[in-house]
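Protein sequences, first through last, are from chains B and Y.
If you read the first sequence in the working numbering, its first letter stands for residue 1203, the second for the next number, and so on.
If you read the second sequence in the working numbering, its first letter stands for residue 1203, the second for the next number, and so on.
Every residue, glycine too, gets a C-beta built ideally from N, C-alpha and C.
Since this is a predicted model, take the numbers as computed values, not measurements.
Number of protein chains: 2
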Amino acid sequence: MPKNKVSHNVVLRLPRYLRYLEELRVRNVVRISSGELGQLMGITASQIRQDLSCFGGFGQQGYGYNVDMLIKEVSDILGIRHERTAIVIGAGNLGRAIIGKFPFQQYGFRLTGAYDLAENLIGEQIGPVAIRHMNQLATDLQSAPPDIAVLTMSSNSADAIAEQLIAAGVRGLWNFTNVDLTVSNPNVVVENLPFSDSLLTLNYYMTHGTNRDSTDK
Amino acid sequence: MPKNKVSHNVVLRLPRYLRYLEELRVRNVVRISSGELGQLMGITASQIRQDLSCFGGFGQQGYGYNVDMLIKEVSDILGIRHERTAIVIGAGNLGRAIIGKFPFQQYGFRLTGAYDLAENLIGEQIGPVAIRHMNQLATDLQSAPPDIAVLTMSSNSADAIAEQLIAAGVRGLWNFTNVDLTVSNPNVVVENLPFSDSLLTLNYYMTHGTNRDSTDK
C-alpha cells in the first residue's frame, strides 16, 4: 500500500497516530485538522501531513481528517486486518503480564499458546491459554506454527529458541529479552524491545536537561 | 558533554552501543573497529563514526575503539554515573517483573519503593523493596521524592498519578501504561514505552515484507 519505501521513523509514528485517533473516537470526535492532531501528539502539522502523504494522504483541505476513515487507513497500513496467531515463550511475571493483559485481539492477533519450563506452572490457565511445557513446543510448532512468538524467557536461551522458532516457520519475533536478536533470514522480522534502552534514554534527557525535539519523537 | 544538540535518533542508538560493547567486554575483546562494531549491530561503520563524533569521537585511525574506554564514554554520555533513585507504581505482574528482575543498579538507579492498591500485596518483599499502599505515597514523596517513577499501574489513573508525582518533585517518568503522558513542565522528562507500538511495528514489517533500513534502526 505505501507508494515507496517508508522510512523507519514514519513507521514508528504510525502506532502513535492510531492510539491518539482511537482516543478521539472514544471522545466522539468526528474530524480533526492536522494542526489539532499535531498539538495533541506534540508534533507539527506539517510532519503529520508529510507522514500521511507517504501513503497517499487522506486529508481534505479545509476539512481535515475524518477520524473513522483515518483509523481505518492507518490500521490497514499497519496490517492490522490480517488475523495472526501468537505464542508466548516464558510465563514468568513479564510473560504473565503480557498473556493476561495485553490486548492482542485489538491488534489483529490471537494468542494460541504459552510455554514455560517451570513444572509448577504447567496447566495453569491465564487469559485464553493454558501454560504448556517447553518440551511440547517442538511438536506444537510442527502441527501449527504461529505467525509470531513473544519472547519473555531468560536472555541466555534467546538465540537457541529463536533458531528453533524460525526453523519451524515463525515469521515474527517480538523480543523482550535484553539480547538483540539478529536474524539472517530475510523473511523473518524481529522487533527487539529491551527495557534498558528506554530507561537510558530517559536518563540521557534527565542528565542533559535537553528535551527531545518535538518533531522527532 | 555533547558538543551540540544531539538528535533523538543518535540518543536512541547510544544504549544499543552500550549493550553491544558490554557483550564484547564479557568476551574479553579489548578493541574493535567501527566496521566490526557496525557489522555486529547491523549499522554502517560511517554511521557509528558519525554518531560518536557528536560527542567528540574517541576512535583512533588504524586502531579503532578501545572497548573499555568507549563503555566509559558512552556511560558518561548517558549519565549513568549519577546515582538516581526510583520507585515503581503498580505491583501487578508487570510491576513485579520490573521490581524483581530489572537491573536498576547496572544503570545507576537504586529502587527505593513500590506501591500498589491491592491490600493483599502490601508488605510483600520483592527484591530490595516491600510493597507499600498507595495511600502512603503522598507522605513518602514529601519526605524524599525519588528521581524517577516507573508507572506500571492501570492506564486510567496515569494522568492523576503523574500529576501528583511531578508536583512532589519527581523529574522522570518511565511510563509503561498505554497512555502517552504529555507533561508541560520542561524540567520533567517522560519516556513512554507502550508495548502496542512495538507489536504494530513488527506487524507493519511482516505485512509489507520490507526490512527496515539497517542504517536507521
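DSSP places B:Gly1302 in the uninterrupted alpha helix (DSSP H) bounded by Asn1295 to Lys1303. Counting other Cβ atoms within 10 Å of its Cβ, B:Tyr1265 stays below 16 and is therefore classed as exposed. Closest option to Y:Gly1411, judged by alpha-carbon separation, among B:Arg1218, B:Asn1394, B:Gly1281 and B:Ile1273: B:Gly1281. Only those residues of the stretch 1266-1299 of chain Y whose C-beta falls short of 8 Å from the nearest C-beta of chain B are listed: Ile1279, Leu1280, Gly1281, Ile1282, His1284, Arg1286, Gly1294, Asn1295, Leu1296, Arg1298 and Ala1299. Pairwise C-beta distances place the stretch 1269-1285 of chain Y out of contact with the stretch 1356-1372 of chain B, as fewer than three of them are shorter than 8 Å. At a beta-carbon threshold of 8 Å, the residues of chain Y lying near B:Tyr1406 are Val1213, Leu1216, Ile1279, Leu1280 and Gly1281, ordered along the chain. Rounded to the nearest whole angstrom, the C-alpha separation of Y:Val1231 and Y:Ala1247 is 18 Å.
Under the 10 Å beta carbon count, B:Asn1387 is surrounded by fewer than 16 other beta carbons and is classified as exposed. Taking the Cβ atoms as the reference, Y:Gln1249 lies roughly 7 Å from Y:Gly1240, within the contact range of under 8 Å. Within the stretch 1377-1417 of chain B, the runs of alpha helix (DSSP H) at least 4 residues long that lie entirely inside it are, in chain order, 1397-1410. When the alpha-carbon of Y:Arg1221 is set against those of B:Ile1350, B:Leu1383 and B:Leu1339, the nearest one is in B:Leu1383.
The shortest CA-to-CA distance from Y:Val1212 to any of Y:Leu1323, Y:Gly1244, Y:Leu1254 and Y:Glu1225 is the one to Y:Leu1254. Inclusion of B:Thr1379 and B:Ser1357 in the CB contact set at 8 Å is warranted, their separation being smaller than that value. The shortest CA-to-CA distance from B:Pro1348 to any of B:Gly1371, B:Asp1361, B:Pro1305 and B:Asp1318 is the one to B:Gly1371. When secondary structure is reduced to three states using DSSP, Y:Asn1322 falls in the helix class. Interface annotation for the stretch 1330-1352 of chain B against chain Y: Asp1349, Ile1350 and Val1352, criterion Cβ-Cβ distance under 9 Å.
Below 8 Å, too few C-beta pairs join the stretch 1282-1291 of chain B and the stretch 1295-1304 of chain Y to call them touching: fewer than three. Shown here for Y:Val1392: same chain residues with a beta carbon closer than 7 Å to its own, the five before and five after excluded, namely Leu1375, Asn1377, Leu1383 and Val1385 in chain order. In the displayed model, B:Gln1366 falls within a helix according to three-state DSSP. Rounded to whole angstroms, the separation of the alpha carbons of Y:Ile1279 and Y:Met1355 is 31 Å. In terms of CA proximity to B:Leu1223, B:Ser1277 leads the group B:Leu1214, B:Val1208, B:Gln1252 and B:Ser1277. For Y:Arg1227, not one C-beta of chain B is nearer than 8 Å to its own C-beta. DSSP places B:His1210 inside the alpha helix (DSSP H), whose first and last residues are His1210 to Val1228.
Of the residues B:Ser1345, B:Ala1351, B:Ile1333 and B:Ile1234, the one whose Cα lies closest to the Cα of B:Asn1322 is B:Ile1333.
Against chain Y, the beta carbon of B:Ser1398 has neighbours under 9 Å at Pro1217, Leu1220, Arg1221, Phe1304, Pro1305, Gln1308 and Tyr1309, listed in chain order. Close to Y:Arg1373, with beta-carbon spacing below 9 Å, are these residues of chain B in chain order: Met1408.
Taking CB atoms only, B:Val1231 has no neighbour in chain Y less than 8 Å away.
Between the beta-carbon of Y:Phe1311 and that of Y:Arg1286 there is about 5 Å, and that keeps the pair under the 8 Å contact cut. The contact set of Y:Thr1403 on chain B, defined by CB atoms closer than 7 Å, consists of Val1213, Leu1214, Pro1217 and Glu1393 in chain order. Taking a C-beta distance under 8 Å as the contact criterion, Y:Tyr1309 and B:Leu1401 qualify as a contact pair.
In this structure, Y:Leu1313 sits away from Y:Ile1324, with a CB-CB distance that is not shorter than 8 Å. Y:Val1228 sits exposed, since fewer than 16 C-beta atoms from the chains shown fall within 10 Å of its C-beta.
At a C-beta separation below 8 Å, B:Thr1246 has no neighbours in chain Y, since its nearest C-beta there lies roughly 15 Å away. One Cα belongs to B:Ser1209, the other to Y:Ser1235, and the distance between them is close to 28 Å.
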